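J.: Residue numbers (full-length UniProt numbering), protein chains in the order written: chain A, 1 to 225; chain B, 1 to 225; chain C, 1 to 225; chain D, 1 to 225.
Number of protein chains: 4
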Amino acid sequence: MSRGLFDRLKTDNAALWDAYTHHDFVTGMQTGALPKTAFQYYLKQDYLFLIQFARAYALAIYKADNLTEMRSALAGVKAILEMEMDLHVGYCADWGIAASELETLEEAPQNIAYTRFVLERGMAGDLLDLMVALSPCAIGYGEIGARLAKSRKTKIEGNPYITWIEMYAGAEYQQLVTDMTAEIDALATKRFTEARFPDLSKTFATATRLEADFWQMGLTAEHAS
Amino acid sequence: MSRGLFDRLKTDNAALWDAYTHHDFVTGMQTGALPKTAFQYYLKQDYLFLIQFARAYALAIYKADNLTEMRSALAGVKAILEMEMDLHVGYCADWGIAASELETLEEAPQNIAYTRFVLERGMAGDLLDLMVALSPCAIGYGEIGARLAKSRKTKIEGNPYITWIEMYAGAEYQQLVTDMTAEIDALATKRFTEARFPDLSKTFATATRLEADFWQMGLTAEHAS
Amino acid sequence: MSRGLFDRLKTDNAALWDAYTHHDFVTGMQTGALPKTAFQYYLKQDYLFLIQFARAYALAIYKADNLTEMRSALAGVKAILEMEMDLHVGYCADWGIAASELETLEEAPQNIAYTRFVLERGMAGDLLDLMVALSPCAIGYGEIGARLAKSRKTKIEGNPYITWIEMYAGAEYQQLVTDMTAEIDALATKRFTEARFPDLSKTFATATRLEADFWQMGLTAEHAS
Amino acid sequence: MSRGLFDRLKTDNAALWDAYTHHDFVTGMQTGALPKTAFQYYLKQDYLFLIQFARAYALAIYKADNLTEMRSALAGVKAILEMEMDLHVGYCADWGIAASELETLEEAPQNIAYTRFVLERGMAGDLLDLMVALSPCAIGYGEIGARLAKSRKTKIEGNPYITWIEMYAGAEYQQLVTDMTAEIDALATKRFTEARFPDLSKTFATATRLEADFWQMGLTAEHAS
């Protein structure tokens, strides 16, 4: 396979990928026009999302075939539980969301759908299934961040979402994207067959659709409020 | 515990339970006014739902502590894979949905959310967590069927949904409800503590909300079509 | 792959496979010289073994990618829980082992080692990993039975183990062997890569070694008694 | 429950606990008479053991009900993958075992039996089942270390095993023992019922027996060599 598996998955689901990465919520962050209540709702759900993603990386440690894979997945758990959770709580505070509120949130159905789909797909399948299910989030956010940071259409001054964009466009997150893409390609070397492509592509498609639903959840919550 | 656990869970989540069991979709089946396209959409998703529920009962076999629990869960898998799936395909045919269409359906997010939540809760927790997550569907459908079958407000003649109502009100399904309630209470004897009630009630609440979303999915699909 | 995966695994582990399928315990059944206490100990542990194998097939239902795989695995659960367990209890009775004794047995370490290895390998890996871990037992018993039934060295008259040999040499069990071999080859079509061969061969080797240990357990128990 | 669950489990399995914590292998370390080849064999298997225990703690992250439990389990994974593995490799080098040898070891059946029993019990049950299965190792080693360090019968000078004893008797490991005991008791507050005691005690008994087998494995290997 001369081209990486992640690239093939993205190409095979180009319309869904576009709908997710160019969702109105994303464009709203780019222009700064996204209602703050929409972003706040998203931020709160994202807190719960991180907890489930830490569990997904823990599952990846359990599912790993060797120490290299175990340590790579451990880095994911640590990044979330030891850094991102705290950053997120601080970021939420900047947006007027108290830590105490985060503790009592109810998970939105769109949040449940995506996170449990990933965890369950990973448990039933192998590590490649799990990583493919995780990839639209982990890699997609990096792609969105990098694109918005480069785009001349992106409002910089006075855009309350610029820190979000800069975080995902930043070197640290971009490295994570590079690592994850490389890890999927490495797993593919061992576990990918053409016969699996339809199932893997379906997993990728579902996860991408559920990510778009996650953006939509923010917009809908805003309309509802 | 003089009262059964299932009863306590229902009482603790009375408003959610009512919203689920008296959903507009249900009332639409009762009066016959439910748009056929809504029901057809529901039927198709229910086909995919059954497959995931068979997996959930298979998980219950794996999680069982003894042969009695294993055999009880096996009855659930067999009921779905050897009977209900075929009945469902036949029933779909009556509603103009070809078997071939069922093979290529895309799972609705509401379907993914509920089924994967159940499977994942069951895998992470114990058999009691799994059964509590399953119960709003398994027992709720029996409660809805029985209530509609008895109600004088239910349209009988010319109501295209009367066979659905009669199936879930029927002796065979009602026995399944009795068995499942008894099984949850039996598991509770072994595994329930008051300290677990908040978590179990949260699991029950989430599953009940996701069941209401499943009805809503049918109505929304109708409006969309 | 012109040759089936199971054949390759067997060839790659020829010495271990031979040590398992030609173990002294097996030869003892062939000649009738196996001490009865050794066989009785084996029979009792085999009862507990069947329960774990039913769980492994239940796991295979959960792990299946489609209805065909689910139904195939369900056949395995049913065969054990609805038929083999009862046959086994009856067979144990013929050997003077009461059903009540079977209920209170302690699992031998060799039994724990094999069954939990299979279950855990299957949970951490995919359905192919699970089936490869199951295969030395499921297929190996058929190979042993068929060989002993054909061999002129096998004592027929007065051999108390002849019913065991005939059961595994019989058409019904041989069909199961054919099915299982075909299923592994079918799974391989989808999930096998050369890069996975070392890991799969290691799984097969470990399972085969643990099967030989299971025979040895019977002999050792006899010496201890 | 005025007394802690771990204490009850130990009392309920006093003979097995004694057989494990006072095994000839342990006494051999105390007196210094343990053959070096036995200890070397044990050390090598312990390397593979650590990898499986890291997976068990990763499973505990996945199974946790809240962030506190997740972080506690993460500490276990990190302790092993980021510290103990390296210490162990260094310690093995002191005993003449090259790192390269550790990479190609074959797992002993006694190693497979214990580690896969723990992982599988934890997956099928809840977090309390998992922690109870882990406890004979995690807590027992601390008890052995503390007892030997205090005992006047323990040879100090010229005892090649004194560093092993001091490590497990040391403040750092003893804190881990205290934490684990407290965690089991905390989990018990939520998930323990008297009705579960027989199953939990059986899990504890099995794990304790398999730990004794692990010591025996070292002695037997020595006799074999």
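Here a beta-carbon is modelled for each residue, glycine too, at the ideal position from N, C-alpha and C.
Just so it is clear, the structure is predicted and the values come from calculations on it, not from any experiment.
1) Between the region 91-111 of chain A and the region 171-191 of chain A, do three or more beta carbon pairs fall short of 8 Å?
2) When the cut-off is 8 Å and only beta carbons count, does C:L119 lie next to chain D?
3) Here's the rule: buried if 16 or more other CB atoms are within 10 angstroms of the residue's CB, otherwise exposed. What is A:N111?
4) Of the residues B:R152, B:R71, B:G122, which one's Cα is nearest the Cα of B:D199?
5) Hey, does D:I51 have any beta-carbon neighbour from chain A nearer than 8 Å?
6) Looking only at C-alpha atoms, which of A:G125, A:A133, A:L148 sits nearest to C:L187?
7) If we cut at 8 Å on Cβ distances, does B:V177 have a partner in chain C?
8) Could one say the Cβ of B:G96 lies closer than 8 Å to chain D's Cβ atoms, at least one of them?
9) Taking the CB atoms as reference points, tell me whether D:R55 and A:Y62 lie closer together than 8 Å.
10) Are the region 15-33 of chain D and the region 139-147 of chain D touching by the rule of at least three beta carbon pairs closer than 8 Å?
11) Is there a Cβ from chain B that is less than 8 Å from the Cβ of D:R116?
12) Mind reading off the beta-carbon distance from C:E120 to D:L128? Whole number of angstroms is fine, and I expect it under 8 Å.
13) Going straight from the alpha carbon of C:D7 to that of C:F197, what length do you get?
14) Quick check on C:W164: buried or exposed, where buried means 16 or more other Cβ atoms within 10 Å of its Cβ?
15) By how many angstroms is the C-alpha of C:T27 removed from the C-alpha of C:G218?
16) Hey, C:L201 and C:L9 are a contact pair by Cβ (cut 8 Å); roughly how many whole angstroms apart?
17) From this set, A:F39, A:L5, A:D12, which residue's C-alpha is nearest A:F215's C-alpha?
18) Hey, B:L59 and B:E84: beta-carbon distance below 8 Å or not?
19) Counting only the same chain and skipping the five closest in sequence on each side, list residues whose C-beta sits under 7 Å from that of D:L74.
20) Determine the chain B residues that contact D:K63 at a beta-carbon separation under 7 Å, and present them in chain order.
21) Buried or exposed: which applies to A:A171, given that a residue is buried once 16 or more other Cβ atoms fall within 10 Å of its Cβ?
22) From the DSSP output, in three-state form, read off D:D94 for me.
23) Skipping 5 residues on each side, what residues in its chain have a beta carbon closer than 6 Å to that of C:A212?
24) So, at 8 Å on beta carbons, what are the nonlocal neighbours of B:E93 in its own chain, with the 5 sequence-adjacent residues on each side left out?
25) Is there a Cβ from chain D that is less than 8 Å from the Cβ of B:T31?
26) Between A:T189 and chain C, is any beta-carbon pair separated by less than 8 Å?
27) Check whether the Cβ of D:M83 lies closer than 8 Å to any Cβ atom in chain A.
28) Under a Cβ-count criterion, where at least 16 other Cβ atoms within 10 Å of its own Cβ denotes burial, should B:M1 be classed as buried or exposed?
29) In whole angstroms, what is the alpha-carbon distance linking C:R3 and C:E194?
30) So is D:N13 buried or exposed if we call it buried at 16+ other beta carbons inside 10 Å?
31) Mark residue 230 of chain D as exposed unless 16 or more other C-beta atoms lie within 10 angstroms of its C-beta, in which case mark it buried.
32) Would you say A:A186 reaches chain C, if we count a Cβ-Cβ gap shorter than 8 Å as a contact?
33) Mind listing the chain D neighbours of A:V77? Cutoff is C-beta to C-beta under 7 Å, in chain order.
34) Which value, in whole angstroms, describes the spacing of the CA atoms of D:L67 and D:E82?
35) Is there at least one non-hydrogen atom of the ligand GTP closer than 7 Å to the beta-carbon of A:D12?
36) Kindly indicate which three-state DSSP category residue 226 of chain C falls into: helix, strand or coil?
T.: In brief:
1) no
2) yes
3) buried
4) B:G122
5) yes
6) A:G125
7) no
8) no
9) yes
10) yes
11) no
12) With a Cβ gap of about 19 Å, C:E120 and D:L128 do not count as contacting.
13) 12 Å
14) buried
15) 13 Å
16) In the sequence as displayed, the identity of residue 201 of chain C is Ser instead of Leu. That belief holds up - the Cβ atoms of C:S201 and C:L9 are roughly 6 Å apart, short of 8 Å.
17) In the sequence as displayed, the identity of residue 215 of chain A is Trp instead of Phe. Measuring from the Cα of A:W215, the nearest candidate turns out to be A:F39.
18) no
19) I61
20) A124
21) exposed
22) helix
23) A19, Y20, H23
24) The amino acid occupying residue 93 of chain B in the given sequence is Ala; Glu does not appear at that position. Within the same chain, B:A93 has close Cβ partners A99.
25) no
26) yes
27) no
28) Because B:M1 sits at a pLDDT of 45, beneath the cut-off of 50, its placement in the model cannot be relied upon, and the following sentence gives the value as read from the coordinates. B:M1 is exposed by the Cβ-count criterion.
29) 13 Å
30) buried
31) Nothing in the structure corresponds to residue 230 of chain D, since chain D is present only between 1 and 225.
32) no
33) I61, L74
34) 21 Å
35) Here there are no bound small molecules, and the ligand GTP is not part of this structure.
36) Examination of residue 226 of chain C is not possible in this model, given that chain C is present from 1 through 225 alone.
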